[in-house]
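If you read the sequence shown in this note's numbering, its first letter stands for residue 1, the second for the next number, and so on. Backbone N, C-alpha and C define an ideal beta-carbon position, used for all residues, glycine too. Bear in mind that the values here come from a model prediction, so they are computed numbers and not experimental data.
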Amino acid sequence: MKKLTLTIALVAATLGGVAVAPAHAQVGVSISIGAPPAPRYEAVPPPRAGYVWAPGFWDWDGHRHAWRAGHWERARPGYAYRAPAWHQGPHGWELNRGGWDHGPGPGPDRHDNRGRDRDHDHDRYHG
(Lines of atoms letter the chains of each structure in order from A and count residues from 1; the text may use other names and numbers.)
(Lines give C-alpha, C1' and ligand atoms only; values in the text may rest on other atoms or scores of the structure.)
Protein backbone atom coordinates (compact mmCIF):
# COMPACT_ATOMS: atom_id res chain seq x y z
CA MET A 1 0.00 0.00 0.00
CA LYS A 2 2.90 2.34 0.75
CA LYS A 3 4.32 1.65 -2.75
CA LEU A 4 0.97 2.58 -4.36
CA THR A 5 0.73 5.82 -2.36
CA LEU A 6 4.34 6.68 -3.18
CA THR A 7 3.79 5.93 -6.88
CA ILE A 8 0.64 8.11 -7.01
CA ALA A 9 2.45 10.97 -5.25
CA LEU A 10 5.41 10.68 -7.63
CA VAL A 11 3.17 10.66 -10.72
CA ALA A 12 1.14 13.63 -9.41
CA ALA A 13 4.32 15.62 -8.73
CA THR A 14 5.68 14.81 -12.18
CA LEU A 15 2.46 15.75 -14.00
CA GLY A 16 2.09 18.90 -11.94
CA GLY A 17 5.59 19.96 -12.86
CA VAL A 18 4.92 19.37 -16.55
CA ALA A 19 1.67 21.31 -16.48
CA VAL A 20 3.29 24.29 -14.74
CA ALA A 21 6.46 24.43 -16.84
CA PRO A 22 6.14 27.25 -19.42
CA ALA A 23 6.80 26.42 -23.04
CA HIS A 24 9.28 28.66 -24.81
CA ALA A 25 9.45 28.06 -28.54
CA GLN A 26 9.90 30.45 -31.44
CA VAL A 27 9.79 29.79 -35.13
CA GLY A 28 11.05 32.32 -37.64
CA VAL A 29 10.88 32.13 -41.41
CA SER A 30 12.77 34.53 -43.62
CA ILE A 31 12.72 34.38 -47.40
CA SER A 32 15.20 36.59 -49.17
CA ILE A 33 14.04 37.57 -52.66
CA GLY A 34 16.54 39.15 -55.03
CA ALA A 35 15.83 42.27 -57.02
CA PRO A 36 13.31 41.77 -59.82
CA PRO A 37 14.62 41.89 -63.39
CA ALA A 38 14.29 45.11 -65.37
CA PRO A 39 10.71 45.70 -66.55
CA ARG A 40 9.85 44.43 -70.00
CA TYR A 41 8.71 46.81 -72.68
CA GLU A 42 5.04 46.22 -73.22
CA ALA A 43 3.06 48.02 -75.92
CA VAL A 44 0.04 49.59 -74.23
CA PRO A 45 -3.08 49.40 -76.37
CA PRO A 46 -5.21 52.51 -76.98
CA PRO A 47 -7.58 53.46 -74.15
CA ARG A 48 -10.86 51.55 -73.83
CA ALA A 49 -13.94 53.21 -72.39
CA GLY A 50 -14.90 51.64 -69.08
CA TYR A 51 -11.53 49.88 -68.59
CA VAL A 52 -8.19 50.59 -66.94
CA TRP A 53 -4.89 49.19 -68.22
CA ALA A 54 -3.10 47.08 -65.59
CA PRO A 55 0.57 47.07 -66.68
CA GLY A 56 2.64 43.90 -66.67
CA PHE A 57 4.98 43.22 -63.75
CA TRP A 58 7.46 40.73 -62.37
CA ASP A 59 5.70 38.43 -59.92
CA TRP A 60 7.31 36.01 -57.46
CA ASP A 61 6.08 32.42 -57.90
CA GLY A 62 7.79 31.05 -54.80
CA HIS A 63 10.97 30.06 -56.65
CA ARG A 64 11.74 32.74 -59.21
CA HIS A 65 10.48 35.94 -60.82
CA ALA A 66 7.82 35.35 -63.47
CA TRP A 67 6.50 37.99 -65.87
CA ARG A 68 2.75 38.67 -65.71
CA ALA A 69 1.55 40.41 -68.86
CA GLY A 70 -0.52 43.59 -68.74
CA HIS A 71 -4.27 43.33 -69.16
CA TRP A 72 -7.45 45.36 -69.08
CA GLU A 73 -9.40 45.66 -65.81
CA ARG A 74 -13.03 46.73 -65.85
CA ALA A 75 -13.21 50.19 -64.21
CA ARG A 76 -14.81 50.29 -60.77
CA PRO A 77 -16.66 53.54 -60.01
CA GLY A 78 -15.38 55.09 -56.78
CA TYR A 79 -12.08 53.16 -56.92
CA ALA A 80 -8.62 53.80 -58.35
CA TYR A 81 -6.40 51.02 -59.70
CA ARG A 82 -2.93 50.73 -58.13
CA ALA A 83 -0.42 48.71 -60.18
CA PRO A 84 1.82 46.10 -58.51
CA ALA A 85 5.18 47.54 -57.44
CA TRP A 86 8.43 46.20 -55.99
CA HIS A 87 10.07 48.09 -53.11
CA GLN A 88 13.36 47.45 -51.38
CA GLY A 89 12.57 47.33 -47.68
CA PRO A 90 14.58 46.62 -44.54
CA HIS A 91 14.29 42.85 -45.13
CA GLY A 92 14.96 42.79 -48.88
CA TRP A 93 12.66 43.18 -51.86
CA GLU A 94 8.90 43.18 -51.25
CA LEU A 95 6.09 43.04 -53.78
CA ASN A 96 3.00 45.16 -53.22
CA ARG A 97 0.49 43.35 -55.42
CA GLY A 98 -1.58 46.47 -56.07
CA GLY A 99 -5.31 46.33 -56.55
CA TRP A 100 -8.23 48.67 -56.12
CA ASP A 101 -8.13 51.53 -53.62
CA HIS A 102 -11.27 53.30 -52.53
CA GLY A 103 -11.06 56.82 -53.86
CA PRO A 104 -11.49 58.76 -57.07
CA GLY A 105 -11.51 56.57 -60.14
CA PRO A 106 -9.41 57.25 -63.20
CA GLY A 107 -10.26 60.35 -65.18
CA PRO A 108 -10.53 60.36 -68.95
CA ASP A 109 -6.80 61.10 -69.32
CA ARG A 110 -5.60 58.46 -66.84
CA HIS A 111 -6.44 55.49 -69.06
CA ASP A 112 -3.32 56.10 -71.10
CA ASN A 113 -0.39 55.78 -68.69
CA ARG A 114 2.28 54.92 -71.23
CA GLY A 115 4.86 57.61 -70.47
CA ARG A 116 4.19 57.87 -66.76
CA ASP A 117 4.33 54.09 -66.14
CA ARG A 118 7.50 53.62 -68.13
CA ASP A 119 9.33 56.36 -66.16
CA HIS A 120 7.86 55.11 -62.87
CA ASP A 121 8.94 51.53 -63.63
CA HIS A 122 12.49 52.68 -64.36
CA ASP A 123 12.69 54.49 -61.02
CA ARG A 124 11.06 51.57 -59.24
CA TYR A 125 13.70 49.08 -60.41
CA HIS A 126 16.76 51.29 -60.73
CA GLY A 127 17.04 53.35 -57.65
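query                                                                                                                                                                                         : result
To the nearest angstrom, how far is it from the Cα of Ala66 to the Cα of Pro55?                                                                                                               : 14 Å
For Gly99, which of helix, strand or coil comes out of DSSP?                                                                                                                                  : strand
Return yes when at least one heavy atom of the ligand GTP lies under 7 Å from the C-beta of Arg68, else no.                                                                                   : In the structure on display, the ligand GTP does not appear, and there are no ligands present to speak of.
Roughly how many angstroms separate the alpha carbons of His63 and Gly50, rounded to a whole number?                                                                                          : 36 Å
Quick one: Cα of Gly92 to Cα of Ala69, how far?                                                                                                                                               : 24 Å
Starting from the C-beta of Glu42, find all residues in its chain whose C-beta is less than 6 Å away, skip the five residues before and the five after it, and write them out in chain order. : Gly56 and Gly70
How would you label Gly115, buried or exposed, when you count the other beta carbons within 10 angstroms and need 16 or more for buried?                                                      : Summary for Gly115: the model assigns pLDDT 41, below 50, so the residue's position carries little reliability, and this model does not support an answer.
For Pro104, is the classification buried or exposed, using 16 other Cβ atoms within 10 angstroms of its Cβ as the cut-off for buried?                                                         : exposed
Find the nearest neighbour of Gly78 within the set Arg40, Asp101 and Pro36, judged by alpha-carbon distance.                                                                                  : Asp101
Under a Cβ-count criterion, where at least 16 other Cβ atoms within 10 Å of its own Cβ denotes burial, should Ala151 be classed as buried or exposed?                                         : Residue 151 is absent from the model: the chain starts at 1 and stops at 127.
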